[in-house]
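Chemist: Each position in the sequence shown, counted from 1, maps to that position plus 40 in the numbering used here. We put the CB at the ideal spot given by N, CA and C, even for glycine. Before anything else, here's the structure in question.
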Amino acid sequence: MRPLRVCLAASEVSPFAKTGGLADVVAGLGRFLGRAGHEVRIFVPLYQRVAKSDVETTPLEGAQAIDVKFPGRTIRCSIRTAPLPNSDVLVHFVDCPELYHREGLYTDDGDESLRFAMLCRAVLDTCQRLSWSPDVVHCNDWHTSLIPLYLRTTYHWDRLFSNTKTLLTIHNIGYQGVFPDSQLAAIGLDDQRAHLHHGDLRDKRFAFLKTGVLHANKLSTVSVTYAREIQTSEFGMGMEELLQTRSSDLVGIVNGVDYGDWDPATDPLIPHHYSADDPSGKAKMKAALLQRMDLPHNPRAPVFGVVSRLTSQKGFELFADSIPVFLQREDMRLCVLGSGESKHESYFQWLRDTWPQKVGLYRGFHNELAHWIEAGSDVFLMPSRFEPCGLNQMYSLRYGTPPIVRRTGGLADTVQAWDPTTREGTGFLFDEFSSQALAGTIDWCLRNWRDRQGWQQLVKNGMQRDFSWDRQGAEYVALYRDLCGL
Ligand code: ADP
């Protein structure tokens with residue numbers, strides 16, 4: 041079978057531009073595809089923070105001064121590239137300072153729709169410039185969701201794309217890229233209203249993600265359970281009916297983990313290494329983490345870790361009526377790394393101020409500390425309201441830090457309930473989204489923590505689970521081949 045030409049378009053890629061799991065997935069999948077011999081080009085914007093960092097990018101020959109034409113306006117971009125670390129795959133940065141040199145990756149600016157419509161157009165215009173005909177354009181989340189429609193309309197005439205198929209992966213249905221329909225003209229879709237979601241247009245708006253769902257050849261999401269959930273009103277965020285109409289084209293593929301970055305045996309970001317066969321370094325990591333977070337060390341007191349965006353998705357409101365009880369009663373530690381909504385940040389600050397000997401907090405984004413918390417904690421807390429896939433619970437399994445998770449989305453697919461009788465399982469799960477259910481599970485976890493032999497087995501079970509891209513990436517390749525008939 042011949043290698044495939046895969047164009048991977050996204051708004052984030054690790055380590056260059058990351059706010060969450062999407063960045064890790066794009067990098068991990070890209071690396072896997074490169075290793076497997078496929079021809080891959082990853083496209084992301086050249087954000088200000090990348091342009092101003094010490095990342096060295098070089099102009100891509102043949103892809104300079106590309107004039108992308110929108111109605112009444114031409115926007116010029118050029119492509120600069122840098123190799124994806126630990127890979128031969130080239131990341132193609134769309135260099136367009138007027139759109140991408142802003143404070144953050146995402147903005148509330150009036151031209152946010154244009155910023156990402158431009159990304160979609162720049163990907164396709166670059167393919168034209170390079171005379172590169174992708175077998176698959178793999179779009180990710182709302183930011184690149186207009187590509188399938190542009191291919192059917194603006195680029196329909198170009199035979200370069202006549203065999204190109206599109207796959208749209210939904211990493212989080214909570215972000216749909218919804219804008220007033222008055223912005224359609226600026227992105228060149230005003231005369232394509234017939235191809236947009238009619239209900240939205242009646243409400244004088246349009247959504248990137250819905251447009252992608254309407255026009256991509258295939259759809260996927262990042263776990264089997266989430267693929268089912270988003271077709272229900274509880275999780276579909278208003279898109280459930282549309283997704284039901286495309287049910288036969290929608291599959292779930294659990295994200296892979298890049299063990300090159302996330303393995304305690306080799307992780308360059310942690311000072312003490314360990315593995316399932318020799319876990320002794322974990323106790324040292326626990327001591328190091330507590331020292332770093334300025335908390336007293338007691339090997340018998342369990343350390344609970346949190347690394348997360350602090351948004352309502354992640355379920356931290358369940359802490360209010362559960363965690364203080366445990367902090368009051370138990371000799372335990374809680375190490376939190378996160379940033380996001382101020383109500384959650386303030387809540388964790390309050391916990392820190394109230395139990396300064398038990399709670400450590402870092403408000404912000406800190407990749408190295410994320411690795412330390414995975415390695416130095418005994419239990420990982422992830423009580424998500426919904427979770428498309430979730431990476432942190434998979435990282436925590438590999439780092440010997442059994443997770444407490446709610447049985448939803450990818451958490452349900454990747455964590456298996458610990459059963460002390462059979463000594464099978466990798467973590468602790470609860471179903472109902474309530475503080476009582478979480479508290480009951482923390483209680484159950486603490487009882488098992490005291491059974492030291494059982495706990496060692498639980499840790500070992502998790503460390504031996506394999507979610508590597510070699511497994512998960514092969515599922516994407518099978519999907520691409522099926523899509524292209526290759
Ligand atoms: P999501 O994509 O919803 O944020 P995931 O669990 O899929 O959740 O992925 C989160 C990724 O972002 C992980 O790699 C995690 O380590 C990282 N992360 C989240 N918050 C922070 C933070 N404050 N500092 C460093 N890394 C973080």
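Quick one: is the Cβ of F405 within less than 6 Å of any heavy atom of the ligand ADP?
Modeler: Here residue 405 refers to the residue found at position 365 when the sequence shown is read from its first residue. At least one heavy atom of the ligand ADP is nearer than 6 Å to the Cβ of F405, so yes.
Chemist: Can you give the Cα-Cα distance for G292 and Q512, rounded to whole angstroms?
Modeler: Against the sequence shown, residue 292 aligns to sequence position 252. Against the sequence shown, residue 512 aligns to sequence position 472. If I take the Cα positions, the gap works out to 11 Å.
Chemist: Can you name the residues that DSSP bridges to C179?
Modeler: Here residue 179 refers to the residue found at position 139 when the sequence shown is read from its first residue. C179 is bridged to A49, L208.
Chemist: Measuring alpha carbon to alpha carbon, tell me which residue in L139, T206, A76, T98 is nearest C47.
Modeler: Along the sequence shown, read from residue 1 onward, the residue named residue 47 stands at position 7. Residue T206 is the option with its Cα nearest to C47.
Chemist: Assign P528 to one of three DSSP states: helix, strand, or coil.
Modeler: Nothing can be reported for residue 528: it is not among the residues displayed for the chain, which extend from 41 to 526.
Chemist: Using 8 Å as the cut-off, can you tell me whether the stretch 71 to 78 makes contact with the stretch 88 to 104, which would need three or more C-beta pairs spanning the two stretches below that distance?
Modeler: Taking 8 Å as the limit for Cβ pairs, the verdict is that the stretch 88 to 104 does not touch the stretch 71 to 78.
Chemist: Just to check my reading of the structure: V129 and I82 have Cβ atoms closer than 8 Å, yes? What is that Cβ distance to the nearest angstrom?
Modeler: By 1-based counting over the sequence shown, the position of residue 129 is 89. By 1-based counting over the sequence shown, the position of residue 82 is 42. Going by Cβ atoms, the distance from V129 to I82 rounds to 6 Å, so yes, they are a contact pair.
Chemist: May I ask you to verify whether the stretch 392 to 410 touches the stretch 253 to 272, counting CB pairs closer than 8 Å and requiring at least 3?
Modeler: Cβ pair count under 8 Å is below three, so no.
Chemist: Under DSSP, the alpha helix (DSSP H) around L130 begins and ends at which residues?
Modeler: Here the question's residue 130 lines up with position 90 in the sequence shown. Segment 130 to 135 is the beta strand (DSSP E) holding L130; no alpha helix (DSSP H) there.
Chemist: CA-CA distance, D506 and E96?
Modeler: One-based indexing of the sequence shown puts residue 506 at position 466. One-based indexing of the sequence shown puts residue 96 at position 56. Whole-angstrom Cα-Cα distance: 33 Å.
Chemist: Report whether the distance from the Cβ of L431 to the nearest heavy atom of the ligand ADP is below 6 Å.
Modeler: As a position in the sequence shown, residue 431 is number 391, starting the count at 1. Yes; taking the cut-off as 6 Å, the Cβ of L431 has a heavy atom of the ligand ADP nearer than that.
Chemist: Just to confirm, does S320 get its C-beta within under 6 Å of one of the non-hydrogen atoms of the ligand ADP?
Modeler: If you number the sequence shown from 1, residue 320 lands on position 280. No, the Cβ of S320 stays beyond 6 Å of every heavy atom of the ligand ADP.
Chemist: Taking Q397 as the reference, give the member of I106, S315, M372 with the closest Cα.
Modeler: On the sequence shown, position 357 is the one that residue 397 refers to. Taking only the C-alpha atoms, the option nearest Q397 is M372.
Chemist: Write down the C-beta distance between V65 and N295 rounded to the nearest angstrom, noting that I regard them as a contact closer than 8 Å.
Modeler: The residue given as residue 65 occupies position 25 in the sequence shown. The residue given as residue 295 occupies position 255 in the sequence shown. That belief holds up - the Cβ atoms of V65 and N295 are roughly 5 Å apart, short of 8 Å.
Chemist: Have a look at S202 and L478 and give me their C-alpha separation to the nearest angstrom.
Modeler: Position 162 of the sequence shown holds residue 202. Position 438 of the sequence shown holds residue 478. Approximately 52 Å between the Cα atoms of the pair.
Chemist: Using a Cβ-based criterion (distance less than 6 Å to any ligand heavy atom), does A76 qualify as near the ligand ADP?
Modeler: The residue labelled residue 76 in the question sits at position 36 within the sequence shown. No, Cβ of A76 sits at least 6 Å from all heavy atoms of the ligand ADP.
Chemist: Is it a yes or a no for the stretch 233 to 246 touching the stretch 170 to 177, going by three-plus beta-carbon pairs under 8 Å?
Modeler: Contact fails: fewer than three Cβ-Cβ distances are below 8 Å.
Chemist: If Y140 and R120 are in contact, beta carbons under 8 Å, what's the gap, nearest whole angstrom?
Modeler: In the sequence shown, residue 140 corresponds to position 100, counting from 1. In the sequence shown, residue 120 corresponds to position 80, counting from 1. Not a contact, Cβ separation roughly 12 Å.
Chemist: Run the proximity test for G60: is its beta-carbon closer than 6 Å to any non-hydrogen atom belonging to the ligand ADP?
Modeler: Along the sequence shown, one-based indexing puts residue 60 at 20. Yes, the ligand ADP has a heavy atom inside 6 Å of this Cβ.
Chemist: For A192 and F359, I'd like the C-alpha separation in whole angstroms.
Modeler: Here residue 192 corresponds to residue number 152 of the sequence shown, with the count starting at 1. Here residue 359 corresponds to residue number 319 of the sequence shown, with the count starting at 1. Note on residue identity: the sequence assigns Arg, not Ala, to residue 192. If you take the alpha carbons of R192 and F359, they lie about 48 Å apart.
Chemist: Is the Cβ-Cβ distance between I482 and F366 less than 7 Å?
Modeler: Sequence index remark: in the sequence shown, residue 482 carries index 442 (1-based). Sequence index remark: in the sequence shown, residue 366 carries index 326 (1-based). In this structure, F366 lies closer than 7 Å to I482 by Cβ.
Chemist: Would you call the stretch 315 to 332 and the stretch 94 to 114 touching, i.e. three or more CB-CB distances under 8 Å?
Modeler: Touching, no.
Chemist: Name the two residues that bound the continuous alpha helix (DSSP H) containing D188.
Modeler: As a first step, residue 188 must be located in the sequence shown, where it is residue number 148. Per the sequence shown, residue 188 should be read as Pro rather than Asp. It spans 187 to 192 - the alpha helix (DSSP H) in which P188 sits, taken as one unbroken run.
Chemist: Which residue comes first and which comes last in the beta strand (DSSP E) that contains S475?
Modeler: Residue mapping note: residue 475 aligns to position 435 of the sequence shown, counting from 1. Taken as a continuous stretch (DSSP letters only), S475 belongs to no beta strand (DSSP E), being part of the alpha helix (DSSP H) at 475 to 490.
Chemist: Is L159 near the ligand ADP, with its Cβ less than 6 Å from a heavy atom?
Modeler: Within the sequence shown, residue 159 is the residue found at index 119, counting from 1. No, since every heavy atom of the ligand ADP falls outside the 6 Å radius drawn around the Cβ of L159.
Chemist: Taking the alpha helix (DSSP H) that S386 belongs to, which residues open and close that run?
Modeler: Taking the first residue of the sequence shown as 1, we reach residue 386 at position 346. Per DSSP, S386 belongs to the alpha helix (DSSP H) from 382 to 394.
Chemist: Output the distance between the C-alpha atoms of P220 and I227, rounded to the nearest integer angstrom.
Modeler: Here residue 220 is taken as the residue at index 180 of the sequence shown, counted from 1. Here residue 227 is taken as the residue at index 187 of the sequence shown, counted from 1. Going from the Cα of P220 to the Cα of I227 covers about 12 Å.
Chemist: Just the C-alpha distance for P442 and Q504, rounded to the nearest angstrom, thanks.
Modeler: For the purposes of this step, residue 442 is taken as residue 402 along the sequence shown, with counting starting at 1. For the purposes of this step, residue 504 is taken as residue 464 along the sequence shown, with counting starting at 1. If you take the alpha carbons of P442 and Q504, they lie about 12 Å apart.
Chemist: Closer than 6 Å to a non-hydrogen atom of the ligand ADP - does that hold for the CB of V445?
Modeler: As a first step, residue 445 must be located in the sequence shown, where it is residue number 405. Checking every heavy atom of the ligand ADP against the Cβ of V445, none is found closer than 6 Å.
Chemist: Please say whether Q496 and R425 have beta carbons closer to each other than 7 Å?
Modeler: By 1-based counting over the sequence shown, the position of residue 425 is 385. By 1-based counting over the sequence shown, the position of residue 496 is 456. Their beta carbons are not under 7 Å apart, which means R425 does not touch Q496 by this criterion.
Chemist: Helix, strand or coil: which one does DSSP assign to F344?
Modeler: Residue numbering aside, residue 344 sits at position 304 when the sequence shown is read from its first letter. Looking at F344 - three-state DSSP - the assignment turns out to be strand.
Chemist: Examine the ligand ADP and report whether any of its heavy atoms sits within less than 6 Å of the Cβ of S153.
Modeler: Here the question's residue 153 lines up with position 113 in the sequence shown. No.
Chemist: How far does the alpha helix (DSSP H) with K398 in it extend, from its first residue to its last?
Modeler: For the purposes of this step, residue 398 is identified with residue 358 of the sequence shown, where counting begins at 1. Careful: K398 lies outside any alpha helix (DSSP H) and carries neither H nor E.
Chemist: Any idea what DSSP makes of R75, helix, strand or coil?
Modeler: Stepping through the sequence shown from its first residue, residue 75 is reached at position 35. Here R75 sits in helix by DSSP.
Chemist: Suppose the cutoff is 6 Å on Cβ atoms and the five residues either side in sequence are ignored; what does the same chain contact list for V264 look like?
Modeler: For this step, residue 264 is matched to residue 224 along the sequence shown. For V264, where only same-chain residues beyond five positions count, the Cβ hits under 6 Å are G292, D453.
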